[in-house]
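*Asks:* Please read through the structure below; I'll follow up with questions.
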Amino acid sequence: MKRIKVFIILLFTSFLLYAKTPFKVGDKFSKVEENSVLLHSGQLNAIPESNMKLLAPKENLEFEDIILVKINEENVGILEFINGSELYIFDFDKDGILDLEMPFPLMPIYIMTESENVKKDKNDNIKGYLDALILLFNGDENPFVTKSINKVVDQIKWDIGDPRVTNRDILYGIWLYYGVAQQFSSELDFMILTEIEKIYKERFNQKVIPNLLLLHEIETVINQGKPAEARKLIKEAEKLFPECIPIKVYSWQQEEDLKTKEKKYSELKEKYPTHWIVKQI
Numbered sequence: 015m016k017r018i019k020v021f022i023i024l025l026f027t028s029f030l031l032y033a034k035t036p037f038k039v040g041d042k043f044s045k046v047e048e049n050s051v052l053l054h055s056g057q058l059n060a061i062p063e064s065n066m067k068l069l070a071p072k073e074n075l076e077f078e079d080i081i082l083v084k085i086n087e088e089n090v091g092i093l094e095f096i097n098g099s100e101l102y103i104f105d106f107d108k109d110g111i112l113d114l115e116m117p118f119p120l121m122p123i124y125i126m127t128e129s130e131n132v133k134k135d136k137n138d139n140i141k142g143y144l145d146a147l148i149l150l151f152n153g154d155e156n157p158f159v160t161k162s163i164n165k166v167v168d169q170i171k172w173d174i175g176d177p178r179v180t181n182r183d184i185l186y187g188i189w190l191y192y193g194v195a196q197q198f199s200s201e202l203d204f205m206i207l208t209e210i211e212k213i214y215k216e217r218f219n220q221k222v223i224p225n226l227l228l229l230h231e232i233e234t235v236i237n238q239g240k241p242a243e244a245r246k247l248i249k250e251a252e253k254l255f256p257e258c259i260p261i262k263v264y265s266w267q268q269e270e271d272l273k274t275k276e277k278k279y280s281e282l283k284e285k286y287p288t289h290w291i292v293k294q295i
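To convert a position in the sequence shown, counted from 1, into the working numbering, add 14.
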């Protein structure tokens with residue numbers, strides 16, 4: 015990743031301070047012309063499907079030129095330079111619209127899903143990872159402080175790079191959520207969760223998504239400032255997963271009726287006094 019960045023900055027030193035933004039989030043990706051001059055080729059990470067190519071329209075570049083980003087031979091976005099900094103704009107969900115800005119390249123989940131090298135299996139081998147994570151969130155100790163969550167996420171990352179493991183596209187989405195998305199925006203969180211949930215339901219013929227995914231969806235809509243949508247999801251989650259303590263905490267947090275809110279608070283403190291989230295409220 016570092017070598018890619020240094021290479022590109024050196025290439026554009028003569029004009030990048032004056033670069034404008036021909037494209038932005040919301041623009042049609044189809045308007046980006048197909049480029050043919052290869053600037054760089056290399057893998058983003060240890061995932062076999064992550065080979066990235068940067069393609070320019072011509073050899074002698076000008077500041078308004080747009081660099082096309084390909085991953086696994088699929089057009090996924092563009093690279094621009096804004097005030098001396100790299101800006102990648104992706105069509106993250108393959109709907110033909112540029113919808114995600116990032117300071118570094120990122121492989122969309124659909125690249126993995128559409129790859130012939132990723133084995134798909136209707137037997138749910140993902141639930142074990144999700145159960146391990148929800149167990150940590152439902153336990154007494156903060157998994158981020160103890161770093162116990164890192165062990166599960168690291169195992170997921172390791173398995174993504176192993177072509178023998180089935181349903182690696184879903185694993186990649188989970189790793190992307192914990193390893194990248196939470197550091198940036200709730201919009202990216204939502205896009206990733208939506209894609210994971212869609213694939214999970216279709217792949218394993220499930221009508222209900224796992225409690226961990228529903229929990230994170232609740233967190234995401236709260237962070238997006240959508241309380242009504244959050245309360246709707248919480249109501250559904252409480253019926254499906256009544257023993258999930260973090261969901262109970264969000265139920266208390268988003269409750270509008272003051273008396274009911276006080277009751278929920280008392281129940282949390284009485285029943286789960288040692289839980290790491292309950293201790294903080």
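Just so it is clear, CB atoms sit at the ideal spot from N, CA and C, and this is done for glycine as well.
Could you please give me the residues that DSSP links to Met116 through a beta bridge?
*Replies:* According to DSSP, which records beta bridges pairwise, Met116 is partnered with Tyr102.
*Asks:* Report the residue from Asp154, Lys84, Glu252 and Glu155 whose alpha carbon sits nearest the alpha carbon of Pro224.
*Replies:* Among Asp154, Lys84, Glu252 and Glu155, the Cα nearest to that of Pro224 is on Glu252.
*Asks:* Could you check the C-alpha separation between Leu227 and Glu211 for me, to the nearest Å?
*Replies:* Going by the C-alpha atoms only, they are around 7 Å apart.
*Asks:* In whole angstroms, what is the alpha-carbon distance linking Ser99 and Pro117?
*Replies:* Approximately 8 Å between the Cα atoms of the pair.
*Asks:* Give every residue of the same chain whose Cβ lies closer than 8 Å to the Cβ of Lys42, excluding the five residues on either side of it in the sequence, and list them in chain order.
*Replies:* Counting only Cβ-Cβ distances below 8 Å, and skipping sequence neighbours, we find Gly110, Ile111 and Leu112.
*Asks:* How many angstroms separate the CA atom of Leu202 from the CA atom of Val179?
*Replies:* Each residue's alpha carbon lies about 26 Å from the other.
*Asks:* Residues in the same chain with beta-carbon distance under 6 Å from Ser64, minus the five sequence neighbours each way, listed in chain order, please.
*Replies:* If we look at Ser64 and ignore the five residues flanking it on each side, its Cβ neighbours are Gln57, Leu58 and Met121.
*Asks:* Among Leu185, Ile248, Lys67 and Lys278, which one has its Cα closest to the Cα of Thr296?
*Replies:* Because the chain is modelled from 15 through 295, residue 296 falls outside the range shown and cannot be assessed.
*Asks:* Cutting at 8 Å between CB atoms, please list the residues of its own chain near Lys277, excluding the five before and the five after it.
*Replies:* Closer than 8 Å at the Cβ level, and outside the excluded window around Lys277, lies no residue.
*Asks:* So the candidates are Gly175, His289 and Lys293; which of them puts its Cα closest to the Cα of Leu149?
*Replies:* Measuring from the Cα of Leu149, the nearest candidate turns out to be His289.
*Asks:* Enumerate in chain order the residues of its own chain whose CB-to-CB distance from Tyr286 is below 8 Å, with the five nearest sequence positions on each side excluded.
*Replies:* The residues are Ile259, Lys262 and Val292.
*Asks:* With C-beta atoms as the reference, is Phe104 less than 7 Å away from Leu114?
*Replies:* Their beta carbons are under 7 Å apart, which means Phe104 touches Leu114 by this criterion.
*Asks:* Please report how far the alpha carbon of Glu78 lies from the alpha carbon of Lys72, in whole angstroms.
*Replies:* If you take the alpha carbons of Glu78 and Lys72, they lie about 12 Å apart.
*Asks:* Please classify Trp189: is it buried, with 16 or more other beta-carbons within 10 angstroms of its beta-carbon, or exposed?
*Replies:* Per the 10 Å Cβ criterion, buried.
*Asks:* So the candidates are Lys221, Val222, Leu254 and Ser265; which of them puts its Cα closest to the Cα of Ala242?
*Replies:* Measuring from the Cα of Ala242, the nearest candidate turns out to be Ser265.
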